[in-house]
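Engineer:
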Amino acid sequence: MPAQLLLNLFIAFLWMTLMDEDELKFTTFFAGFLVGIGIIFFMHRFFGTQFYLRRLVKTIKLLFIFISELTQSSIVVLGQILSPKLKIKPGIFKYETVLKSDVEVTMLSLLLTLTPGSVVMEVSPEGDTLYIHAMDVEESKAGLIKQLKNFEKAIMEVTR
Numbered sequence: 337m338p339a340q341l342l343l344n345l346f347i348a349f350l351w352m353t354l355m356d357e358d359e360l361k362f363t364t365f366f367a368g369f370l371v372g373i374g375i376i377f378f379m380h381r382f383f384g385t386q387f388y389l390r391r392l393v394k395t396i397k398l399l400f401i402f403i404s405e406l407t408q409s410s411i412v413v414l415g416q417i418l419s420p421k422l423k424i425k426p427g428i429f430k431y432e433t434v435l436k437s438d439v440e441v442t443m444l445s446l447l448l449t450l451t452p453g454s455v456v457m458e459v460s461p462e463g464d465t466l467y468i469h470a471m472d473v474e475e476s477k478a479g480l481i482k483q484l485k486n487f488e489k490a491i492m493e494v495t496r
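Below, the structure is given as structure tokens:
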């Protein structure tokens, strides 16, 4: 991926120099960058890796999933806080993840901890089990597991 980006930047600078303008313009560089994207897209199979902008698109998709889950869980927690009587049953449950690398497990833990109502308390030494504290285990466990599955799928798309 870094090789494709560097090649794209090289194509953009080469485009700028070959346009033979009196001064360097950002618009010329941007046009060269777009031309480079097209060239690299058609030649990316020779690099032996996937096209580098696919990972960027998958990362943006992960960001939107996180914002959606953050909004949904914030509404649920806000409803619990604003209710006159607390009807929550906090608890801890164990979740076995399909993610393999430390980076993937760390991303999953951070994304889950950043959403209100749940905290990853511990990760097993093997890195395949998360111990999660939920604000309301009885009501929100199914929603948390669904949220974890969404995060896992998006993280695997970004990192693999």
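Its first residue numbered 337, the sequence shown is counted upward by one per residue in the numbering used here.
Ideal placement from N, C-alpha and C gives every residue a C-beta, glycine not left out.
Between the Cα of D464 and the Cα atoms of Q416, T449 and T442, which residue gives the shortest distance?
Structural biologist: T442
Engineer: Which same chain residues, not among the five before or five after P426, have their C-beta less than 8 Å away from its C-beta?
Structural biologist: Cβ contact annotation for P426 (same chain, cutoff 8 Å, sequence separation greater than five): H469, A470, M471, D472 and V473, in chain order.
Engineer: Which word fits M352, buried or exposed, when buried means at least 16 other C-beta atoms lie within 10 angstroms of its C-beta?
Structural biologist: buried
Engineer: Can you tell me whether F502 is buried or exposed, with buried defined as 16 or more other CB within 10 angstroms of its CB?
Structural biologist: Outside the shown range of the chain, which is 337 to 496, sits residue 502, and nothing can be said about it.
Engineer: Between the C-alpha atoms of M457 and Y388, what's the straight-line distance to the nearest angstrom?
Structural biologist: 35 Å
Engineer: Rounded to the nearest angstrom, what separates L322 and L450 at their Cα positions?
Structural biologist: Outside the modelled stretch of the chain, which goes from 337 to 496, sits residue 322, for which no answer is possible.
Engineer: Find the nearest neighbour of V412 within the set F346, S454, P338 and I491, judged by alpha-carbon distance.
Structural biologist: S454
Engineer: How long is the line joining the alpha carbons of E432 and I376, rounded to whole angstroms?
Structural biologist: So the two alpha carbons sit approximately 39 Å from each other.
Engineer: Can you tell me the Cβ-Cβ gap for T495 and V439, rounded? I've got them flagged as a contact below 8 Å.
Structural biologist: That belief holds up - the Cβ atoms of T495 and V439 are roughly 7 Å apart, short of 8 Å.
Engineer: Does the distance from the C-beta atom of L446 to that of E488 stay below 9 Å?
Structural biologist: no
Engineer: Assign I481 to buried or exposed, taking buried as 16 or more other Cβ atoms, counted over all protein chains shown, within 10 Å of its Cβ.
Structural biologist: exposed
Engineer: Between the alpha carbons of L354 and S437, how many angstroms are there, rounded?
Structural biologist: 44 Å
Engineer: Let me confirm a value: G368 is counted as buried when at least 16 other C-beta atoms fall within 10 Å, else exposed. Which label applies?
Structural biologist: buried
Engineer: Can you name, in chain order, every residue of its own chain whose Cβ lies under 8 Å from the Cβ of H279, other than the five neighbours on each side?
Structural biologist: Residue numbering for the chain in the displayed model covers 337 to 496; residue 279 lies beyond these limits and cannot be assessed.
Engineer: Tell me where the beta strand (DSSP E) around K436 begins and ends.
Structural biologist: Neither: K436 is in no beta strand (DSSP E) and is coded neither H nor E.
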